[in-house]
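Respectively, the protein sequence lines represent chains D and L. The first sequence lines up with residues 94 to 357 when you count with this note's numbering. The second sequence lines up with residues 38 to 161 when you count with this note's numbering. Where a beta carbon is used, it is the ideal one built from N, C-alpha and C, also for glycine. Contents: one structure, followed by commentary.
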Amino acid sequence: MNSADRATLTRLLLERGLEVSCRQDAAAPPGHDPSLAASVLVANFGGVRPPAPASGVRIVDSEGIDPASLAVAIEREADQSSGGAPAAWKPWFPVIDYSRCTNCMQCLSFCLFEVYGVSAESKIQVQHQSNCKTDCPACSRVCPEVAIMFPKYRHGPINGEEVKADDVRREAMKVDISALLGGDVYALLRDRSVKAKSRFSKERDDERALKERQSCLIALQRDLDVPAEVLAALPSPEEILAKVEAARVRALAASETASLDTKD
Amino acid sequence: MTTHAARILYCHCAFARVVPPEVKAAVLTGLSEADVEFDAVPDLCEMAARGDARLRELAADGPLKIAACYPRAVKWLFAAAGAELPERAVRVWNMRVEPAAAVIDGLLDRDGSAGDAPVAGRSL
Ligand code: SF4
Ligand code: SF4
Numbered sequence: 094m095n096s097a098d099r100a101t102l103t104r105l106l107l108e109r110g111l112e113v114s115c116r117q118d119a120a121a122p123p124g125h126d127p128s129l130a131a132s133v134l135v136a137n138f139g140g141v142r143p144p145a146p147a148s149g150v151r152i153v154d155s156e157g158i159d160p161a162s163l164a165v166a167i168e169r170e171a172d173q174s175s176g177g178a179p180a181a182w183k184p185w186f187p188v189i190d191y192s193r194c195t196n197c198m199q200c201l202s203f204c205l206f207e208v209y210g211v212s213a214e215s216k217i218q219v220q221h222q223s224n225c226k227t228d229c230p231a232c233s234r235v236c237p238e239v240a241i242m243f244p245k246y247r248h249g250p251i252n253g254e255e256v257k258a259d260d261v262r263r264e265a266m267k268v269d270i271s272a273l274l275g276g277d278v279y280a281l282l283r284d285r286s287v288k289a290k291s292r293f294s295k296e297r298d299d300e301r302a303l304k305e306r307q308s309c310l311i312a313l314q315r316d317l318d319v320p321a322e323v324l325a326a327l328p329s330p331e332e333i334l335a336k337v338e339a340a341r342v343r344a345l346a347a348s349e350t351a352s353l354d355t356k357d
Numbered sequence: 038m039t040t041h042a043a044r045i046l047y048c049h050c051a052f053a054r055v056v057p058p059e060v061k062a063a064v065l066t067g068l069s070e071a072d073v074e075f076d077a078v079p080d081l082c083e084m085a086a087r088g089d090a091r092l093r094e095l096a097a098d099g100p101l102k103i104a105a106c107y108p109r110a111v112k113w114l115f116a117a118a119g120a121e122l123p124e125r126a127v128r129v130w131n132m133r134v135e136p137a138a139a140v141i142d143g144l145l146d147r148d149g150s151a152g153d154a155p156v157a158g159r160s161l
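Right, dumping it as structure tokens:
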């Protein structure tokens with residue numbers, strides 16, 4: 094196969110969600126883990142089918158077949174090996190830069206969709222990637238350390254571009270998130286004093302907090318680039334408050350365990 | 038077809054248009070024309086979300102040259118899948134911003150960067 098056809102075939106296979114390894118020795122799988130060996134072997138066998146290799150690897154002979162037809166044949170064989178094509182989920186989810194993260198748990202408190210969780214060591218983690226709302230980068234704006242990336246986002250530093258000092262200033266809390274959440278969650282997390290706790294509970298019951306939340310939703314959409322359909326899909330105010338409470342408890346528990354661990 | 042000292046990994050960023058299609062096409066063509074061994078994956082983000090074991094295998098398999106996007110994103114995507122990239126042995130070319138020719142030259146060691154400081158690609 095000439096190089097132009099090989100490039101076309103590789104592109105067509107990638108577009109079908111298939112991984113491609115171009116190898117000199119078709120029989121030699123890349124890497125060392127046999128469980129990760131290729132499921133379909135493609136080569137020009139000159140029309141003479143070689144003996145089937147071990148472990149269920151399927152063979153496609155590229156002799157005289159154009160790249161488009163070859164891609165269809167390979168996809169068919171790959172489907173038979175893997176039991177079907179992967180779901181067409183756009184991989185949109187937060188990726189944490191742990192060299193910047195201070196484990197403050199603000200992302201955990203903020204996210205209403207339980208994308209974040211904590212590890213057994215009380216370290217913030219992205220645990221439910223597919224819960225994340227496609228094209229919504231809002232939690233990255235909440236992070237005071239600019240530690241949250243969405244690699245497929247348009248702009249830096251959220252897309253993974255290096256973080257500059259100016260970014261840290263600019264990205265820091267564009268809206269009053271505490272009002273959105275119906276209480277002073279961050280003060281609570283910071284000092285966890287009795288005073289802060291009573292202020293939180295008062296503000297949660299206050300109708301004013303709900304009004305502020307609504308105006309914050311508009312600000313969120315404008316400033317944080319939250320897609321309208323994400324806002325439209327938000328749960329009811331009651332559900333939000335219940336989720337916020339649950340997230341707040343989780344975040345407090347995690348940050349308390351983390352500070353105990355630090356003291357130990 | 039030739040083997041390189043460093044394994045070459047190309048990411049096609051299949052689920053978004055953040056990498057210019059013409060850059061992806063030119064890099065794939067360049068790799069095919071050079072007749073080198075390489076691995077190509079549809080979308081590193083998707084593999085990281087699945088915690089794909091292949092990322093751990095790639096990270097553990099010695100020197101690696103990656104054509105994808107921002108090195109900071111690539112590094113932490115691998116980490117999200119439990120695959121720590123060895124910083125000194127990995128270089129990343131960013132197809133979002135670098136011209137295809139610079140990416141190809143770097144992947145194929147034509148930019149004089151095979152030894153010390155990277156010229157086009159970024160060490161992690
Ligand atoms: S908000 Fe940022 S710094 Fe805080 S835990 Fe989340 S990722 Fe880490
Ligand atoms: S790693 Fe970068 S280039 Fe690859 S799929 Fe993710 S955003 Fe796209």
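* **Own chain, CB closer than 6 Å to Gly253/D, minus 5 neighbours either side, in chain order** => Met242, Pro244
* Would you report the Cα separation of Thr39/L and Glu156/D, rounded to the nearest angstrom? -> Straight through space, the alpha carbons of Glu156/D and Thr39/L are spaced by roughly 22 Å.
* Using alpha carbons as the reference points, say which of Lys102/L, Val60/L, Gly88/L lies closest to Ala120/L. => Gly88/L
* To do: Measure from the C-beta of Phe115/L to each C-beta in chain D and report whether the shortest distance is under 7 Å.
  => no
* Below 8 Å on the Cβ atoms is my guess for Asp76/L versus Arg128/L; work out the distance and round it to an integer in Å. => About 15 Å separates the two Cβ atoms, so there is no contact after all.
* Between the beta-carbon of Val140/L and the beta-carbon of Ala104/L, is there less than 7 Å? -> yes
* **Ile217/D CB to nearest heavy atom of ligand 1 below 6 Å** => Yes, since a heavy atom of ligand 1 falls inside the 6 Å radius drawn around the Cβ of Ile217/D.
* So which residues on chain D does Leu46/L lean against when the C-beta distance must stay under 9 Å? -> Chain D residues near Leu46/L: none, gap ~10 Å exceeds 9 Å.
* **Coil, strand or helix - Asn224/D by DSSP** => helix
* Anything in chain D within Cβ reach of Ala118/L, meaning under 9 Å, just list it in chain order. => Listed along chain D is no residue with a C-beta nearer than 9 Å to that of Ala118/L; the closest approach is about 10 Å.
* Listed by chain order, which residues have C-beta atoms less than 5 Å from any heavy atom of ligand 2? -> Counting every residue whose Cβ lies closer than 5 Å to a heavy atom of ligand 2, we get Pro244/D, Lys245/D, Cys48/L, Cys50/L, Asp80/L, Leu81/L, Cys82/L, Ala105/L, Cys106/L.
* Thr103/D classed as buried or exposed, judged by whether at least 16 other C-beta atoms fall within 10 angstroms -> Looking at its Cβ environment, which holds 16 or more other Cβ atoms inside 10 Å, Thr103/D is buried.
* Asked: Is Glu238/D near ligand 1, in the sense that its beta carbon is under 6 Å from a heavy atom of that ligand?
  -> yes
* Can you tell which of Ile217/D, Lys226/D, Arg247/D has its C-alpha closest to the C-alpha of Cys236/D? -> Ile217/D
* Looking only at its own chain, which residues have a Cβ that is under 6 Å from the Cβ of Cys106/L, when we skip the five neighbours before and after it? -> Asn131, Arg133
* Who are Ser33/L's beta bridge partners in DSSP? -> Since the first residue of chain L shown is 38 and the last is 161, residue 33/L is not available in this structure.
* On the three-state DSSP scale, how would you describe Met84/L? -> Looking at Met84/L - three-state DSSP - the assignment turns out to be helix.
* Spatial neighbours of Ala344/D within its chain, please: CB distance less than 6 Å, with the 5 preceding and 5 following residues excluded, ordered by chain position. => Met198, Leu201, Ser202
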